[in-house]
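Listed in order, the protein sequences are those of chains U and W.
Under this note's numbering, think of the first position of the first sequence as 128, with each following residue one higher.
Under this note's numbering, think of the first position of the second sequence as 3, with each following residue one higher.
Below is one structure, written out as structure tokens; the observations come after it.
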Amino acid sequence: MSTPQPPLTQQPPAPNWQGAPGTSYTSPIPVVRTHLGHAISSEWTKIKSVRSTIWTLGVYIVLLIGLGLLFALIAASTDMSLEGESPLSLGLFGLMLGSVCLITLGVLSTASEYGTGMIRTTMTACPSRGRVLAAKSIVYFGLAFTVTLVTTAFVGFAQVAILEGNGAANPTGEEWFKATVGVSLFLSLFGLLSLLMGSLIRHSAGAITIMLGVFLAPLVIAIFMFSESLRNVQEFLLNYSIPSQLGVFYNAELGSSGPSGWDPLWIMLALTGAAFVGAYALLEQRDV
Amino acid sequence: MIELDGLTKRYGEKVAVNNLTFAVRPGIVTGFLGPNGAGKSTTMRMILGLDRPTAGDVRIDGTHYDGLRDPLTYIGALLDAKAVHGGRNAFNHLLCLAQSNGIPRARVDEVLDTVGLTSVARKKAKGFSLGMGQRLGIAGALLGDPRILMFDEPVNGLDPEGIHWIRNLMKSLAAQGRTVFVSSHLMSEMALTADHLVVIGQGRLLADTSMADFIQQNSRSYVRIRTPQRERLLDVLRGAGVVAVETGGGTLEVDGGKPEHIGELAARHQIVLHELSPQQASLEEAFMRLTAESVEYHAHDTAPPGAPVQDWGGDWKREG
Chain U
128 MSTPQPPLTQ
138 QPPAPNWQGA
148 PGTSYTSPIP
158 VVRTHLGHAI
168 SSEWTKIKSV
178 RSTIWTLGVY
188 IVLLIGLGLL
198 FALIAASTDM
208 SLEGESPLSL
218 GLFGLMLGSV
228 CLITLGVLST
238 ASEYGTGMIR
248 TTMTACPSRG
258 RVLAAKSIVY
268 FGLAFTVTLV
278 TTAFVGFAQV
288 AILEGNGAAN
298 PTGEEWFKAT
308 VGVSLFLSLF
318 GLLSLLMGSL
328 IRHSAGAITI
338 MLGVFLAPLV
348 IAIFMFSESL
358 RNVQEFLLNY
368 SIPSQLGVFY
378 NAELGSSGPS
388 GWDPLWIMLA
398 LTGAAFVGAY
408 ALLEQRDV
Chain W
3 MIELDGLTKR
13 YGEKVAVNNL
23 TFAVRPGIVT
33 GFLGPNGAGK
43 STTMRMILGL
53 DRPTAGDVRI
63 DGTHYDGLRD
73 PLTYIGALLD
83 AKAVHGGRNA
93 FNHLLCLAQS
103 NGIPRARVDE
113 VLDTVGLTSV
123 ARKKAKGFSL
133 GMGQRLGIAG
143 ALLGDPRILM
153 FDEPVNGLDP
163 EGIHWIRNLM
173 KSLAAQGRTV
183 FVSSHLMSEM
193 ALTADHLVVI
203 GQGRLLADTS
213 MADFIQQNSR
223 SYVRIRTPQR
233 ERLLDVLRGA
243 GVVAVETGGG
253 TLEVDGGKPE
263 HIGELAARHQ
273 IVLHELSPQQ
283 ASLEEAFMRL
293 TAESVEYHAH
303 DTAPPGAPVQ
313 DWGGDWKREG
């Protein structure tokens, strides 16, 4: 975009102003009208050029594959009869632990910019704050989804192969779809929620703590609700805690009254959408 | 061209920037001067759209900052040398900035070369010294080859060679017809680089003047005289129409006087002189006088009242 210089004659006269008022400098660099794509390629460079991304995703992949295969091998070696159960559900535990890595990566990709002051450089380079937030969200979601999808698919195939002789049922197409694409969408959205929390809180440690609380607190609180009068609350917390919602994708619901089918994905989509609107509104309003 | 119009920023009760109106013009280096806490950085953040003004307006070539689609090719800024993710190397830091503005990748190597960081391009920014950090920040500012450049305290942390380099860089950028706006709390630094001066104190505009005018108005030259025959000399001077002022410590000062003239007068009347020296009040002192009432964080003056303050400028420099 090239805004024409206002003619110099219209400027208020400066007293004793010295220096050449002549032509303004024109750069040989081509002027580009930037769009979301530029912001996305910038954020992609950012996320892949820091060590924390390698560490969190590395640990995530190791947890998913390691625990997934470990449980499959234990089940195979003990001659445990799965009695028609899908072997894919053995991947659940790895994903529950691995979620912590996605929380950390999500929070760091926004909050670390506030911690280091990089955010001022970022916002100077791209004054459209909504575009920055959208680019960060897209890059993070794409990366988390791809990594989770590839890893869960690999672990799934390995588990089915290992447990072939144990009477395990061959997973149906729908079971495959939910255990790969379903959980990948669900966890990537949960990680995106962490990213937006990082943008809201602007403090890495604080945002990670809050997200760990969101992840674990309902389950832990529910476990200690002994009172009969709180039975309904306890059931609600158990059913809607993130780990049990994750279990729904493996048909491992904790109760019959909780979410079922694809419900957890819609719940997470609504939560993340609301968080995005909130984070965007605050970003527009606050000073960087 | 940067135009500020009644720019104001309030943080609760505290007014950080108070109704600033001035313009920064192309082709010259404009110095933005003020003591610590005067509102220089807040003003620069508002120019860049990082902080929202409470009132007033600021435009870059007639456009609000957030209306610029490729801001780095319009205006390059060094705000804070530490505004970098320490875990990212210099090359990638600049690359992500270039990509967000559609600037060709080759520019990254060019600006790294310009600021002399090519050899550490693949090193993480957290290992950089303050001076290297400043150079990286300047590289980021130059990335889009912008027509407006803004530097917040660019010589902070630079060694003498680095200071010399940045002075020449700013002058050559201005000579190319660019707008160069540079903040500092060192008058002596500005005297060497700036053509125009904007002075603020406690967020208010104190001066908007050309450097030449400022020097002319504020650099007072006088002759300092010490003599054991003070009364006689005063009489002689008065007889010759020279106005001498008695200052503390038994010295006399003659504003704008010539030492040759005074020396000859004294010799003719056989008056003993212990000192006869031409003096020049520093610009630093002029700046101190200008901003005296608006200095936010006063150090307690330990010198006894009336004693001449020997090293005002020096105190100032150490603060930086």
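Where a beta carbon is used, it is the ideal one built from N, C-alpha and C, also for glycine.
Neighbour list for residue i in chain U, Cβ cutoff strictly below 9 Å
i: V86(W); result: T243, G244, M245 and T248
i: D72(W); result: M128, V158, V159, R160, T161 and H165
i: N103(W); result: V159, T161, H165, S169, A252 and C253
Contacts that residue i makes with chain U (C-beta to C-beta distance below 7 Å)
i: T345(W); result: With chain W covering 3 to 322 only, the question about residue 345(W) has no answer from this structure.
i: G366(W); result: There is no way to answer for residue 366(W), as the model of chain W reaches only from 3 to 322.
i: L97(W); result: T172
i: Y224(W); result: Going along chain U, no residue has its Cβ under 7 Å from Y224(W), so there is no contact; the nearest lies around 25 Å.
i: Q178(W); result: Y152
i: G142(W); result: T248
i: L50(W); result: T251
i: D68(W); result: P254 and S255
i: P94(W); result: The amino acid at residue 94(W) is misidentified as Pro; the sequence shows Asn. Within 7 Å Cβ-Cβ: T172 and S176.
i: R232(W); result: Per Cβ cutoff of 7 Å: no residues; R232(W) is ~41 Å from chain U at best.
i: D154(W); result: Correct list: empty, because the minimum Cβ distance to chain U is about 11 Å.
Where residue i falls, given that 16 or more other Cβ within 10 Å makes a residue buried
i: F304(U); result: exposed
i: G149(U); result: Caution is warranted here: a pLDDT of 47 is assigned to G149(U), below 50, making its placement in the model unreliable, and the coordinate value is therefore given only provisionally. G149(U) should be labelled exposed.
i: F281(W); result: For the record, residue 281(W) in the displayed sequence is Gln; it is not Phe. Under this definition Q281(W) is an exposed residue.
i: N297(U); result: exposed
i: L197(U); result: exposed
i: G318(U); result: buried
i: P162(W); result: exposed
i: L144(W); result: buried
Cβ-Cβ distance between residue i and residue j below 7 Å
i: I150(W); j: I77(W); result: yes
i: E295(W); j: M189(W); result: no
i: L364(U); j: I348(U); result: yes
i: V117(W); j: R90(W); result: no
i: D72(W); j: N103(W); result: yes
i: L180(U); j: I174(U); result: In the sequence as displayed, the identity of residue 180(U) is Thr instead of Leu. Taking 7 Å as the Cβ cut-off, T180(U) and I174(U) qualify as a contacting pair.
i: A418(U); j: A166(U); result: Residue coverage of chain U in this structure runs from 128 to 415, which leaves residue 418(U) outside it and unanswerable.
i: G58(W); j: G8(W); result: yes
i: V415(U); j: I246(U); result: yes
i: A209(W); j: V201(W); result: yes
i: V184(W); j: F153(W); result: yes
i: F313(U); j: P391(U); result: yes
Three-state secondary structure assigned by DSSP to residue i
i: G417(U); result: Since the first residue shown for chain U is 128 and the last is 415, residue 417(U) is missing from the structure and cannot be characterised.
i: G203(W); result: strand
i: V415(U); result: coil
i: Y152(U); result: coil
i: R262(W); result: This sequence places Glu at residue 262(W); Arg is not what is there. Helix.
i: I150(W); result: strand
i: G5(W); result: A small correction: the amino acid at residue 5(W) is Glu; Gly does not occupy that position in the sequence shown. Strand at E5(W).
i: R71(W); result: coil
i: F220(U); result: helix
i: E212(U); result: coil
i: K16(W); result: strand
i: H66(W); result: coil
i: L80(W); result: strand
i: E155(W); result: coil
i: M395(U); result: helix
i: Q178(W); result: coil
i: Y187(U); result: helix
i: L157(U); result: Checking the displayed sequence, the identity of residue 157(U) turns out to be Pro instead of Leu. Coil at P157(U), not helix or strand.
i: L1(W); result: As shown, chain W starts at 3 and ends at 322. That puts residue 1(W) outside it, with no answer to give.
i: K11(W); result: strand
i: N94(W); result: helix
Residues that residue i contacts on chain W, provided the C-beta gap is smaller than 8 Å
i: R178(U); result: G89
8 Å Cβ cut-off: residues of chain U touching residue i
i: R109(W); result: I156
i: I202(W); result: Within chain U, no residue comes near I202(W); the closest Cβ sits about 17 Å away, beyond 8 Å.
i: D342(W); result: The structure shown has nothing for residue 342(W), since chain W only spans 3 to 322.
i: A79(W); result: T251
i: N21(W); result: The contacting residues do not exist; N21(W) stays about 16 Å from chain U at best.
i: D7(W); result: Under the 8 Å cutoff, chain U gives no residues; its nearest Cβ is about 11 Å from D7(W).
Proximity test, residue i beta-carbon vs the ligand SAH heavy atom, cut-off 6 Å
i: S221(W); result: Absence of the ligand SAH is noted for the structure shown, with no ligands found whatsoever.
Chain W contact residues for residue i, given Cβ-Cβ distances below 9 Å
i: S239(U); result: H87 and G89
| request: Count the CB pairs spanning the stretch 211-224 of chain U and the stretch 280-299 of chain U that are closer than 8 Å, and state whether there are at least three. | output: Yes, the stretch 211-224 of chain U touches the stretch 280-299 of chain U.
| Are there three or more Cβ pairs, one per stretch, closer than 8 Å when the stretch 226-245 of chain U is compared with the stretch 262-277 of chain U? | Contact check between the stretch 226-245 of chain U and the stretch 262-277 of chain U: three or more CB pairs, one atom from each, fall below 8 Å, which counts as touching.
| Can at least three beta-carbon pairs, one atom from the stretch 49-64 of chain W and one from the stretch 227-241 of chain W, be found at a separation below 8 Å? | no
| Is the stretch 93-112 of chain W in contact with the stretch 152-161 of chain U, if contact means three or more CB pairs nearer than 8 Å? | yes
| Meets three-Cβ-pair contact criterion under 8 Å: the stretch 238-245 of chain U and the stretch 394-409 of chain U | no
| request: Please determine if the stretch 82-98 of chain W and the stretch 124-134 of chain W are in contact, where contact requires at least 3 C-beta pairs separated by less than 8 Å. | output: Counting C-beta pairs with one atom in each stretch, the stretch 82-98 of chain W and the stretch 124-134 of chain W have three or more that are closer than 8 Å, which means they touch.
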